[in-house]
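Engineer: Here it is, the structure, as structure tokens.
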Amino acid sequence: MTVLLWILAALALPLVIAALWFTGVFVKELFSPSPPGPDATALAAERLGLLPAERQDTEHAAPPPAAWSAALTAACSGDWTPAAELLRADGRDWERRSTLTAELGTLAAEEDGWLLAWEAARPDDPDAAVVRAQSTVRLAWDLRGARQARYTSREQFEGFGRMLSAAREEIARAAELNPEDPTPYIVEIWVALGLGCSHAEMDELWERITSRDPYHYGAHYAALQYWCAKWRGSKELAFDFARRAAERAPVGSLLTVLPLIARFEHDETTDVAADSTPEMLALVDAGLADAAACAASDPDHPGLAQLRHLLAYYLHLQDRHEAALEQFRLVDGHVDALPWNYRGEDAAAYYCRVRNETVRMAAEAV
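Going by my numbering, the final residue of the sequence shown carries number 369, and the count climbs one at a time with no gaps.
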């Protein structure tokens, strides 16, 4: 009888184990929270044709011109001629020239075989020279890194300083080869910022730039960075520079963005009400008028999307959600612009979070 009981127990053991396992699974599923359903605001944005975070381009503020993309692709393959042709075709369109130079300089900072071939084929080409200067400055900043000074090593700072000093000679050469071009001097702003050049030196550099192109968007953005408190100026100097430049510039130049950038760069509070003062409302309204004028006269202006991104952000903070949504629609898909790109790897997620909240609030206001 005892033997029989042992046999029955042995046969029943697997069934008991299985029953316990299934019971455990049931209890776990019973008390585990259900997986979250789709975010309603994200679904609402998707229904409007807006893209999710994983489909946002984090390297551009707007779609680059097809010809630029083709030239960059060709350069990656070693063919520099499309880039050379584009820069030559830009002629005296200094805004596009400096923007394309920045794109090419970034590429050359990563791999410059194609630029070396260009320089060998055309030793005194001012276009190749300015791309070289831009690439050296970009390489210097890459060596330094984007972190604050206290997190940057001595070796990084030493390499940074050496590269910026070398860039000065290349900038001077590019300027000599094309005296009318402000681009080399615009590149030099980032050298002045990095090396800590004096305010008097910056004023002299600024005179060289504005005498060639008084309302250059990229130049004003770079100069404002110099005057910010985090670099070589102060909150007061940055606000003063931004205000004066915006007041002097014609509508459509996009320079109304400067006071908004100055505000963003020096905003250390969480007081949203401060973003809806009469002064801030007026600044955003001026930006909207500026963007509309530029869109009518030069819809492909390299700075237009950057202004729209910042307008969308501040319109959202001001609870002007319909107007904010209009700007989001115009820039969606590309997020390399203030304020999103200050979030680093979280830029796309942050952009979508604010945009989706705008979609929700706009729908509730109907």
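Ideal Cβ placement from N, Cα and C applies to all residues, glycine included. Only a predicted model underlies this, so the values are computations on that prediction, with no experimental measurement involved.
(1) Run through the DSSP bridge pairs and tell me what Asp2 is partnered with.
(2) Please report the straight-line C-alpha distance between Arg363 and Ala47, rounded to a whole angstrom.
(3) Would you kindly report the start and end of the unbroken alpha helix (DSSP H) that includes Pro182?
(4) Name the residue from Glu367, Cys79, Phe331, Ala292 whose alpha carbon lies nearest to the alpha carbon of Ala252.
(5) For Glu329, which residues from the same chain have a beta carbon less than 8 angstroms from its beta carbon, with the 5 sequence-adjacent residues on both sides left out?
(6) Closest to Cys231 by C-alpha separation, out of Arg346, Trp71, Trp193, Glu113, would be which residue?
(7) What are the boundary residues of the alpha helix (DSSP H) that Leu291 is part of?
(8) Which whole-angstrom value describes the C-beta separation of Leu319 and Thr361, a residue pair presumed to lie in contact below a C-beta threshold of 8 angstroms?
(9) Helix, strand or coil for Leu103 per DSSP?
(10) Can you tell which of Gln59, Glu88, Gln321, Gly199 has the C-alpha that lies nearest to the C-alpha of Leu284?
(11) Rounded C-beta distance between Leu89 and Ala69? I'm assuming under 8 angstroms.
(12) Would DSSP call Phe34 helix, strand or coil?
(13) Only counting the same chain, and skipping five residues up and downstream in sequence, which positions put a Cβ closer than 8 angstroms to that of Gly221?
(14) On the criterion of 16 or more Cβ atoms from any shown chain inside 10 Å, does Val6 qualify as buried, or is it exposed?
(15) Could I get the ranges of all uninterrupted alpha helix (DSSP H) runs contained in the segment 212-240, with 4 residues as the minimum, in chain order?
(16) Of the residues Glu250, Ala294, Leu313, Ala298, which one's Cα is nearest the Cα of Arg266?
(17) Considering Ala69, what are the terminal residues of the alpha helix (DSSP H) in which it resides?
(18) Mind the definition here: the segment 111-119 touches the segment 130-146 only if three or more C-beta pairs lie below 8 angstroms; say whether that holds.
(19) With a 10 Å radius around its C-beta and 16 neighbouring C-beta atoms as the bar for buried, classify Thr259 as buried or exposed.
(20) Here's a check: name, in chain order, each residue in its chain whose Cβ is nearer than 7 angstroms to the Cβ of Pro185, leaving out the five neighbours to either side.
(21) Between the alpha carbons of Trp343 and Val334, how many angstroms are there, rounded?
(22) So what's Gly40 in DSSP terms, helix, strand or just coil?
(23) Consult DSSP for Asp270 and reduce its assignment to one of helix, strand or coil.
(24) Relative to the C-alpha of Ala195, which residue among Asp42, Leu263, Leu54, Arg235 is closest?
Structural biologist: In short, the structure shows the following:
(1) Residue 2 is absent from the model: the chain starts at 4 and stops at 369.
(2) Counted from its first residue, the sequence shown places residue 363 at position 360. Counted from its first residue, the sequence shown places residue 47 at position 44. The alpha-carbon atoms of Arg363 and Ala47 are separated by roughly 7 angstroms.
(3) In the sequence shown, counting from the first residue as 1, residue 182 sits at position 179. Neither: Pro182 is in no alpha helix (DSSP H) and is coded neither H nor E.
(4) As a first step, residue 252 must be located in the sequence shown, where it is residue number 249. Taking only the C-alpha atoms, the option nearest Ala252 is Ala292.
(5) Numbered from its first residue, the sequence shown carries residue 329 at position 326. So the list is empty, once near-sequence residues are dropped.
(6) Here residue 231 refers to the residue found at position 228 of the sequence shown. That would be Trp193, whose Cα lies nearest to the Cα of Cys231.
(7) Sequence index remark: in the sequence shown, residue 291 carries index 288 (1-based). Residues 281-300.
(8) Here residue 319 is taken as the residue at index 316 of the sequence shown, counted from 1. Here residue 361 is taken as the residue at index 358 of the sequence shown, counted from 1. Reading off the sequence, residue 319 comes out as His, not Leu. Confirmed, Cβ separation roughly 5 angstroms.
(9) For the purposes of this step, residue 103 is identified with residue 100 of the sequence shown, where counting begins at 1. The answer is helix: DSSP assigns Leu103 an H, G or I state.
(10) By one-based count along the sequence shown, residue 284 stands at place 281. When each option's Cα is compared against that of Leu284, the closest is Gln321.
(11) The sequence position of residue 89 within the sequence shown is 86, counting from 1. The sequence position of residue 69 within the sequence shown is 66, counting from 1. Incorrect: roughly 11 angstroms between the Cβ atoms, too far for contact.
(12) As a first step, residue 34 is located in the sequence shown; it is residue number 31 there, counting from the start. Below a pLDDT of 50, predicted positions are generally treated as unreliable, and Phe34, at 37, falls in that range; the measurement from the model is reported next regardless. If DSSP states are grouped into helix, strand and coil, Phe34 belongs with the helices.
(13) The residue labelled residue 221 in the question sits at position 218 within the sequence shown. If we look at Gly221 and ignore the five residues flanking it on each side, its Cβ neighbours are Glu98, Ser101, Thr102, Ala105, Ile189, Pro305, Gly306.
(14) The residue you call residue 6 lines up with position 3 of the sequence shown. For Val6, the pLDDT reaches just 45, beneath the cut-off of 50, and the residue's location in the model is therefore unreliable, although a value from the coordinates is still provided. It is exposed - the Cβ of Val6 has fewer than 16 other Cβ atoms within 10 Å.
(15) 220-230
(16) Looking up residue 266 in the sequence shown gives position 263. Looking at the Cα atoms, Leu313 is the closest of the given residues.
(17) As a first step, residue 69 is located in the sequence shown; it is residue number 66 there, counting from the start. Here the alpha helix (DSSP H) through Ala69 covers 69-79.
(18) yes
(19) Working through the sequence shown from its first residue, we reach residue 259 at position 256. Thr259 should be labelled buried.
(20) As a position in the sequence shown, residue 185 is number 182, starting the count at 1. Counting only Cβ-Cβ distances below 7 angstroms, and skipping sequence neighbours, we find Trp97, Ile212, Arg215, Asp216, His219, Ala222.
(21) Within the sequence shown, the letter at position 340 stands for residue 343. Within the sequence shown, the letter at position 331 stands for residue 334. Rounded to whole angstroms, Trp343 to Val334 spans 12 angstroms at the Cα level.
(22) Here residue 40 refers to the residue found at position 37 when the sequence shown is read from its first residue. Its pLDDT being 47, under 50, Gly40 is placed unreliably by the model, and nothing is read from it.
(23) Looking up residue 270 in the sequence shown gives position 267. Reduced to three states, the DSSP call for Asp270 is coil.
(24) To locate residue 195, count along the sequence shown from 1; it is residue 192. It is Arg235.
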